[in-house]
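Chemist: Numbering (my numbering), first residue to last: 354 to 912.
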Amino acid sequence: MTFTTDFHKAVVYQIYPKSFADSNGDGLGDLKGVIGKLDYIAGLGADYIWSTPFFVSPQHDNGYDVADYYDVDPAYGTMDDVDELIAEAGKRGIGLMFDMVFNHVSTEHEWFRKAMAGDPYYKRFFFFRKGKGPGVPPTNWESKFGGPAWRYVPEFDEWYLHLFDPTQADLDWENPDVRHAVQDIVRFWMSKGVRGFRFDVINLISKAGFEDDPDGGDGRAFYTDGPRVHEYLRELNEATFGTDPGIITVGEMSSTSMEQCYRYAGADTHELSMVFSFHHLKVDFMGNEKWVLVPPDFGRLKRIVFDWQTNMAAHDAWNAVFWCNHDQPRVVSRFGDEGRYWKESAKMLATVMHCLRGTPYVYQGEELGMTNADYDSIEQFRDVESLNHYEILQRKGLKAADALRIIQVHSRDNSRTPMQWDDSRYAGFEPADATAEPWLAVNANHDRINAAAELADPDSIYHYYRKLIALRKELDVIAFGDVEPIATDDPDVFAYRRRWQGHELIMVANFHGHEREWTGAEVPDVSGFERVLGNYANGPAIDGGVWQLRPYETSVWYR
Ligand code: TEU
354 MTFTTDFHKA VVYQIYPKSF ADSNGDGLGD LKGVIGKLDY IAGLGADYIW STPFFVSPQH
414 DNGYDVADYY DVDPAYGTMD DVDELIAEAG KRGIGLMFDM VFNHVSTEHE WFRKAMAGDP
474 YYKRFFFFRK GKGPGVPPTN WESKFGGPAW RYVPEFDEWY LHLFDPTQAD LDWENPDVRH
534 AVQDIVRFWM SKGVRGFRFD VINLISKAGF EDDPDGGDGR AFYTDGPRVH EYLRELNEAT
594 FGTDPGIITV GEMSSTSMEQ CYRYAGADTH ELSMVFSFHH LKVDFMGNEK WVLVPPDFGR
654 LKRIVFDWQT NMAAHDAWNA VFWCNHDQPR VVSRFGDEGR YWKESAKMLA TVMHCLRGTP
714 YVYQGEELGM TNADYDSIEQ FRDVESLNHY EILQRKGLKA ADALRIIQVH SRDNSRTPMQ
774 WDDSRYAGFE PADATAEPWL AVNANHDRIN AAAELADPDS IYHYYRKLIA LRKELDVIAF
834 GDVEPIATDD PDVFAYRRRW QGHELIMVAN FHGHEREWTG AEVPDVSGFE RVLGNYANGP
894 AIDGGVWQLR PYETSVWYR
């Protein structure tokens with residue numbers, strides 16, 4: 354088998370190995386479990402597998418606290434398992450994309466342990482700074498997981514910076530020794546046959562000085578898209594993955610701007626192949642405040658998606674396109690319907706995303722229509738960010754039940770429940786004779802939402818995703834066409850036109866669960882087009898330019 358060499362036509366399948374497949378029955382997913390499911394992933398049509406980190410880690414942040422970049426955490430397996438995974442995926446034409454966390458390291462990493470032992474060389478790998486007074490950290494910045502972004506070290510009478518958990522110490526990229534150490538890590542995994550890299554919060558690596566954020570801001574202005582970030586990325590590109598055109602890269606951009614992404618993911622900026630931006634996934638936030646209950650703003654969702662699609666195209670820059678990942682609630686629960694129109698809404702959401710300009714990412718279980726967790730107690734949650742905010746919300750005066758409701762809606766654990774393979778006791782996540790409970794409880798709805806059932810049902814969400822992915826490979830207009838929004842202001846319809854070398858593709862979706870008669874000057878004329886896909890057996894009914902759209906109805910037209 355050969356690998357897809359053009360990321361414009363590629364589709365990436367993301368796995369969270371801790372929750373994907375457990376081969377030895379210890380309740381934790383592992384690499385042998387992933388190897389056992391490669392045919393399932395290949396059957397979907399994926400070209401790459403992005404795995405979240407499985408390096409040595411104390412697991413305070415489920416592996417995003419790396420203690421050794423050169424070795425596999427024993428809970429996931431061995432380096433031989435990694436070699437087998439890379440080789441077996443390669444036999445199926447699938448490249449591995451590893452997740453590299455270089456903004457910070459675990460406080461159990463050797464570099465940090467040596468710094469804490471007073472080694473001046475390694476102290477310079479981190480941000481140790483004097484406070485502004487007894488018990489007063491160097492700045493008023495807040496961690497993204499809640500609480501201050503500094504931890505005091507009495508032995509030094511200094512504080513160290515951690516933008517995330519206190520067990521995740523930020524690396525000082527101003528230090529060339531840090532940058533060279535990172536390059537060595539990337540080159541090592543390139544030598545092992547890794548064909549892609551996802552860089553975790555890579556737009557936070559350049560800090561712009563340490564001052565208080567005025568007006569009680571959380572400090573993000575002082576480190577987001579910082580002054581030398583593009584220099585660092587270009588240097589990393591030219592020293593490592595940029596030497597191999599077969600390697601694709603994606604940067605996770607926390608709170609970035611479109612203008613910055615023209616550079617991060619520009620065709621000739623020599624930084625990254627593409628970016629994850631998250632503005633479209635904040636339309637049910639209050640500004641940047643996630644821990645509130647706000648209905649999704651559909652109009653803002655469309656405007657953001659179309660702004661990014663048209664402007665990134667105009668600047669020859671490339672997006673990842675996605676609804677889900679291991680940090681986001683399940684899209685069918687968030688924007689779709691878990692009930693009567695579960696299947697139609699899951700297929701509609703997939704269609705809206707997969708016909709856009711960009712590289713689609715399918716998160717494990719999204720292709721099955723897996724839903725948010727069905728947890729009714731805070732004890733069932735494991736995510737450090739969620740547990741912190743459960744306490745923070747109550748300190749702000751919310752009753753426990755109200756705080757729990759917010760956690761249930763926004764928790765990252767919603768996407769981390771064990772993959773639902775079949776309707777058996779633990780959804781097939783573990784071997785049938787396993788005795789250990791999965792590390793996170795299986796959703797009870799695995800009795801009807803599971804891979805076995807959907808593989809057997811030709812009308813399933815899984816098979817619909819297969820058709821969508823195949824369509825991208827068949828019709829170049831999807832990979833290479835421009836994007837023309839249609840009816841941007843319509844309160845229900847999400848529609849756009851793609852054009853490429855004389856071909857046109859039109860995607861129309863009713864984004865909501867009620868019927869809608871769609872008329873007006875912006876309604877496209879699809880006479881002469883072929884309906885190449887849809888989430889109802891046929892339709893919609895179109896008469897004299899008037900479309901009768903059923904709940905969540907979507908259709909794709911091509912000529
Ligand atoms: O996420 C970056 C990040 O900010 C996330 O925490 C996410 O945006 C936030 O939870 C939304 O509220 C990356 C990883 O994807 C995440 O799993 C890690 O926890 C985080 O970085 C720290 O490495």
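A virtual CB, placed ideally from N, CA and C, is assigned to each residue, including glycine.
Note that this is a predicted model, so its numbers are computed, not measured.
Do serine 496 and the ligand TEU come close, with the Cβ less than 7 Å from some heavy atom?
Modeler: Taking the sequence shown and counting its residues from 1, the one referred to as residue 496 is at position 143. Every heavy atom of the ligand TEU is 7 Å or more from the Cβ of serine 496, so no.
Chemist: Can serine 630 be considered in contact with the ligand TEU, in the sense that its beta carbon sits closer than 7 Å to one or more heavy atoms?
Modeler: Position 277 of the sequence shown holds residue 630. Every heavy atom of the ligand TEU is 7 Å or more from the Cβ of serine 630, so no.
Chemist: Look up glutamate 461 in the DSSP assignment and say whether it is helix, strand or coil.
Modeler: On the sequence shown, position 108 is the one that residue 461 refers to. Glutamate 461: coil per DSSP, three-state reduction.
Chemist: Using a threshold of 8 Å, state whether the C-beta atoms of histidine 457 and leucine 524 are closer than that.
Modeler: Counting from one through the sequence shown, the residue named residue 457 turns up at place 104. Counting from one through the sequence shown, the residue named residue 524 turns up at place 171. In this structure, leucine 524 lies closer than 8 Å to histidine 457 by Cβ.
Chemist: With H, G and I counted as helix, E and B as strand and the rest as coil, what does DSSP make of methionine 723?
Modeler: Numbered from 1 along the sequence shown, position 370 holds the residue referred to as residue 723. Note: methionine 723 maps to coil in three-state DSSP.
Chemist: Measure how close the beta-carbons of phenylalanine 864 and aspartate 842 come, nearest whole angstrom, since I'm counting them as under 8 Å.
Modeler: Within the sequence shown, numbered from 1, the residue matching residue 864 stands at position 511. Within the sequence shown, numbered from 1, the residue matching residue 842 stands at position 489. Contact doesn't hold; Cβ gap of about 13 Å is too wide.
Chemist: Can you tell me whether DSSP reads glutamine 773 as helix, strand or coil?
Modeler: In the sequence shown, the residue the question calls residue 773 occupies position 420. Reduced to three states, the DSSP call for glutamine 773 is coil.
Chemist: Going by other Cβ atoms of all chains shown within 10 Å of its Cβ, with 16 needed for buried, is threonine 872 buried or exposed?
Modeler: Residue mapping note: residue 872 aligns to position 519 of the sequence shown, counting from 1. Exposed, because fewer than 16 other Cβ atoms sit within 10 Å of the Cβ of threonine 872.
Chemist: Just to confirm, does valine 454 get its C-beta within under 7 Å of one of the non-hydrogen atoms of the ligand TEU?
Modeler: If you number the sequence shown from 1, residue 454 lands on position 101. Checking every heavy atom of the ligand TEU against the Cβ of valine 454, one is found closer than 7 Å.
Chemist: In the DSSP assignment, find the unbroken alpha helix (DSSP H) run with aspartate 436 in it and report its ends.
Modeler: Sequence index remark: in the sequence shown, residue 436 carries index 83 (1-based). Its alpha helix (DSSP H) spans residues 432-444.
Chemist: My guess is that isoleucine 814 and alanine 667 are in contact by the Cβ rule of under 8 Å, so how many angstroms apart are they, rounded?
Modeler: Looking up residue 814 in the sequence shown gives position 461. Looking up residue 667 in the sequence shown gives position 314. The Cβ separation is near 34 Å, so there is no contact.
Chemist: Please classify methionine 354: is it buried, with 16 or more other beta-carbons within 10 angstroms of its beta-carbon, or exposed?
Modeler: One-based indexing of the sequence shown puts residue 354 at position 1. For methionine 354, the predicted model reports a pLDDT of 49, less than 50, meaning its position is unreliable; a value from the coordinates is still stated below. Methionine 354 comes out exposed.
Chemist: If we require 4 or more residues per run, which alpha helix (DSSP H) segments fall completely within the stretch 786-824?
Modeler: Counting whole runs of 4 or more residues, the stretch 786-824 contains the alpha helix (DSSP H) stretches 804-809.
Chemist: Spatial neighbours of aspartate 383 within its chain, please: C-beta separation below 8 Å, excluding the five flanking residues on both sides.
Modeler: Reading the sequence shown from its first residue, position 30 is the one you call residue 383. Excluding residues within five positions, the ones whose Cβ falls inside 8 Å are Pro370, Ala374, Asp375, Ser376, Asn377, Ala428, Tyr429, Gly430 and Asp434.
Chemist: Measuring straight from C-alpha to C-alpha, what distance separates alanine 754 and glycine 570?
Modeler: Numbered from 1 along the sequence shown, position 401 holds the residue referred to as residue 754. Numbered from 1 along the sequence shown, position 217 holds the residue referred to as residue 570. Whole-angstrom Cα-Cα distance: 28 Å.
Chemist: Using 10 angstroms around the beta-carbon of phenylalanine 541, count the other beta-carbons present and answer buried if the total reaches 16, otherwise exposed.
Modeler: As a position in the sequence shown, residue 541 is number 188, starting the count at 1. Label assigned to phenylalanine 541: exposed.
Chemist: What does a CB cutoff of less than 6 Å around valine 795 pick up in its chain, not counting 5 residues either side in sequence?
Modeler: Counting from 1 along the sequence shown, the entry for residue 795 is found at position 442. Pro771, Tyr779 and Ala780, listed in sequence order.
Chemist: In the DSSP assignment, find the alpha helix (DSSP H) that holds methionine 706 and state where it starts and stops.
Modeler: Your numbering for residue 706 matches position 353 in the sequence shown. From DSSP, the alpha helix (DSSP H) with methionine 706 extends over 695-707.
Chemist: May I ask which residues mark the beginning and end of the beta strand (DSSP E) holding arginine 423?
Modeler: Indexing the sequence shown from 1 puts residue 423 at position 70. The amino acid at residue 423 is misidentified as arginine; the sequence shows tyrosine. In the DSSP assignment, tyrosine 423 falls within the unbroken beta strand (DSSP E) covering 421-425.
Chemist: In the DSSP assignment, the alpha helix (DSSP H) including methionine 930 goes from what residue to what residue?
Modeler: The structure shown does not extend to residue 930, since the chain is modelled only from 354 through 912, so no value can be given for it.
Chemist: Relative to the alpha-carbon of valine 454, which residue among His583, Ala522 and Trp503 has its alpha-carbon at the smallest distance?
Modeler: For the purposes of this step, residue 454 is taken as the residue at position 101 of the sequence shown. Of His583, Ala522 and Trp503, the residue nearest in Cα terms is Ala522.
Chemist: Kindly list the residues whose CB is nearer than 8 Å to the CB of aspartate 424, restricted to its own chain and excluding five residues on each side of it in sequence; keep chain order.
Modeler: Position 71 of the sequence shown, counting from 1, holds the residue named residue 424. Excluding sequence neighbours, aspartate 424 sits near Phe408, Val409 and Met432.
Chemist: Kindly indicate which residue of Asp472, Tyr505, Phe478 and Glu495 has the alpha-carbon position closest to the one of proline 487.
Modeler: Residue mapping note: residue 487 aligns to position 134 of the sequence shown, counting from 1. For proline 487, the nearest C-alpha among the options comes from Tyr505.
Chemist: Given the structure, does histidine 679 come close to the ligand TEU, in the sense that its CB is under 7 Å from one of the ligand's heavy atoms?
Modeler: Here the question's residue 679 lines up with position 326 in the sequence shown. Yes.
Chemist: With distance defined between alpha-carbon atoms, name the residue in Glu605, Gly500, Ile439 and Met606 nearest to serine 544.
Modeler: Position 191 of the sequence shown, counted from the first residue, corresponds to residue 544. Checking every option, the nearest Cα to that of serine 544 belongs to Ile439.
Chemist: Could you give the distance in angstroms between the alpha-carbon of aspartate 553 and the alpha-carbon of histidine 763?
Modeler: Numbered from its first residue, the sequence shown carries residue 553 at position 200. Numbered from its first residue, the sequence shown carries residue 763 at position 410. When rounded, the distance between both Cα atoms is 20 Å.
Chemist: Could you give the DSSP three-state label for valine 365: helix, strand or coil?
Modeler: Taking the first residue of the sequence shown as position 1, residue 365 is located at position 12. In this structure, valine 365 counts as strand in the three-state DSSP scheme.
Chemist: Quick check: is any heavy atom of the ligand TEU less than 7 Å from the C-beta of glutamate 605?
Modeler: For this step, residue 605 is matched to residue 252 along the sequence shown. Flag set: Cβ of glutamate 605 near the ligand TEU.
Chemist: With a CB to CB cut of under 7 Å and the five nearest residues on each side skipped, what residues in its chain are close to alanine 703?
Modeler: As a first step, residue 703 must be located in the sequence shown, where it is residue number 350. Excluding residues within five positions, the ones whose Cβ falls inside 7 Å are Tyr817, Tyr818 and Leu821.
Chemist: Rounded to whole angstroms, what is the Cα-Cα separation between lysine 362 and arginine 852?
Modeler: The residue labelled residue 362 in the question sits at position 9 within the sequence shown. The residue labelled residue 852 in the question sits at position 499 within the sequence shown. One C-alpha to the other measures close to 16 Å.
Chemist: To the nearest whole angstrom, what separates the beta carbons of alanine 673 and valine 603, a pair I think is in contact under 8 Å?
Modeler: Along the sequence shown, read from residue 1 onward, the residue named residue 673 stands at position 320. Along the sequence shown, read from residue 1 onward, the residue named residue 603 stands at position 250. Indeed, because the Cβ distance is near 5 Å, the residues count as touching under 8 Å.
Chemist: Could you give the residue range of the alpha helix (DSSP H) that holds serine 739?
Modeler: To locate residue 739, count along the sequence shown from 1; it is residue 386. Run containing serine 739: 737-748, per the alpha helix (DSSP H) assignment.
Chemist: Could you tell me the alpha carbon to alpha carbon distance between threonine 724 and glutamate 691, rounded to whole angstroms?
Modeler: Translated into positions along the sequence shown, residue 724 becomes position 371. Translated into positions along the sequence shown, residue 691 becomes position 338. Approximately 7 Å, taken between the alpha carbons.
Chemist: Let me know the alpha helix (DSSP H) ranges lying completely inside the stretch 373-410, each 4 residues or longer, listed in chain order.
Modeler: If one requires a minimum length of 4 residues, the alpha helix (DSSP H) runs lying completely within the stretch 373-410 are 384-388 and 391-397, in chain order.
Chemist: Cβ-heavy atom distance between tyrosine 714 and the ligand TEU below 7 Å?
Modeler: The sequence position of residue 714 within the sequence shown is 361, counting from 1. Because no heavy atom of the ligand TEU lies under 7 Å away, the Cβ of tyrosine 714 does not count as near it: no.
Chemist: Does DSSP put arginine 482 in a helix, a strand or coil?
Modeler: Translated into positions along the sequence shown, residue 482 becomes position 129. Under the three-state reduction of DSSP output, arginine 482 falls in the strand class.
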